[in-house]
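Terminal number for the sequence shown in the numbering used here: 226, no gaps in between.
From the three backbone atoms N, C-alpha and C, an ideal C-beta is built for every residue, glycine too.
These numbers were taken from a predicted model, which means no experiment stands behind them.
The structure under discussion appears below in the form of C-alpha cells.
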Amino acid sequence: MLRIVVLLSVACVAWASICCVPRQWEGTEGTALGLMRDGAPQPNFIQSSINVAYDANNQRVAATQYIVVDDFQTMVKVIMDYKQGIQYSINGTRCTKTTLPPFQENCIPDGAQETDITLGAGGKTLTVKTYTMTVGNLTVNAQVTENGCIPVSESIVGRSPGEFIHMGTSYSGITPGISDPSVFTPPASCMSGPVYPAEVSALKRVAFLHLL
Numbered sequence: 015m016l017r018i019v020v021l022l023s024v025a026c027v028a029w030a031s032i033c034c035v036p037r038q039w040e041g042t043e044g045t046a047l048g049l050m051r052d053g054a055p056q057p058n059f060i061q062s063s064i065n066v067a068y069d070a071n072n073q074r075v076a077a078t079q080y081i082v083v084d085d086f087q088t089m090v091k092v093i094m095d096y097k098q099g100i101q102y103s104i105n106g107t108r109c110t111k112t113t114l115p116p117f118q119e120n121c122i123p124d125g126a127q128e129t130d131i132t133l134g135a136g137g138k139t140l141t142v143k144t145y146t147m148t149v150g151n152l153t154v155n156a157q158v159t160e161n162g163c164i165p166v167s168e169s170i171v172g173r174s175p176g177e178f179i180h181m182g183t184s185y186s187g188i189t190p191g192i193s194d195p196s197v198f199t200p201p202a203s204c205m206s207g208p209v210y211p212a213e214v215s216a217l218k219r220v221a222f223l224h225l226l
C-alpha cells in the first residue's frame with residue numbers, strides 16, 4: 015500500500031512557468047492509472063477519487079483518497095508538509111511518515127505547446143488551454159482554464175524504467191481558499207515513529223497539475 019501512496023505523490027517539475035494554479039483551492043481530483051510492468055502477465059489498474067486542499071502559501075497539501083487497486087479498496091489520508099519535508103500517510107490508526115522533496119507550485123512550464131479549446135455550446139462556453147510537452151519518454155497533456163489557470167484535466171502517457179504508464183486525471187468542484195485549515199494537522203498517531211526515505215517516481219518528476 016505504501017508503494018501506491020508514494021507513486022501518487024506527484025509535484026510539478028521546476029521550470030519557468032506560463033501560469034500556475036491558484037495558490038489556495040479545494041476540490042475533487044479523479045484519477046485512473048494503468049501500469050504495464052515489463053514481464054508482467056497483465057496490467058495493474060489504480061482508480062482514485064481524492065478530496066484535496068492545496069495551499070501554496072504555506073507549502074502544504076491535504077488529501078483524502080478513496081482508492082481501488084484492481085479489486086482491492088482502501089481509504090488513505092495524506093498530509094504533505096513541505097516546510098517540514100514530511101508526508102504523513104494515515105490508514106485507519108496507522109501513520110507512516112516519509113520524506114518529501116522541496117515544494118514546487120503546480121504550474122504549466124515554459125516550452126509547453128499551447129492549443130485553445132472551447133467547451134460548451136451557445137452562450138454557455140468555457141475557453142480551456144491545452145498544454146503539451148514531452149519529458150523523456152513521457153508525454154504530458156494538461157488543460158487549464160484561460161482565466162485563472164484553474165486545473166481541468168491532465169494525462170501522462172509513455173514509458174518509465176520497467177513499465178508503461180497511462181494516467182488520466184480530472185478536476186471538479188474547485189473552490190478558492192481553504193475552508194478548514196485543520197485538515198493539514200496530523201493526528202496524534204503521527205507524532206512518533208521514524209521518517210522513511212521515499213523514492214521519487216517518474217510521475218513526480220513530470221506532472222504539471224496532479225497533486226499527489
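{"query": "Mind checking whether T112 and Q101 have CB atoms under 8 Å apart?", "result": "yes"}
{"query": "If you reduce the DSSP assignment to three classes, tell me which class L195 lands in.", "result": "Per the sequence shown, the amino acid found at residue 195 is Pro instead of Leu. Note: P195 maps to helix in three-state DSSP."}
{"query": "Quick check on C204: does DSSP put it in helix, strand or coil?", "result": "helix"}
{"query": "For a test of the three-state rule: what should DSSP assign to V220, helix, strand or coil?", "result": "helix"}
{"query": "State yes or no: is the C-beta of A46 within less than 8 Å of the C-beta of L226?", "result": "no"}
{"query": "In its own chain, which residues sit with a C-beta less than 7 Å from the C-beta of C34, not counting the 5 before and 5 after it?", "result": "E119, N120, C121 and C163"}
{"query": "Please report the straight-line C-alpha distance between C26 and P55, rounded to a whole angstrom.", "result": "Here the model assigns C26 a pLDDT of 39, short of 50, so the residue's position is not dependable, and the following value carries that caveat. Between C26 and P55, the C-alpha separation is close to 32 Å."}
{"query": "Can you list, in chain order, the residues of its chain whose CB lies under 7 Å from that of E177, leaving out five sequence neighbours each side?", "result": "L49, M50, R51 and D52"}
{"query": "DSSP puts P165 in a beta bridge; with which residues?", "result": "V158"}
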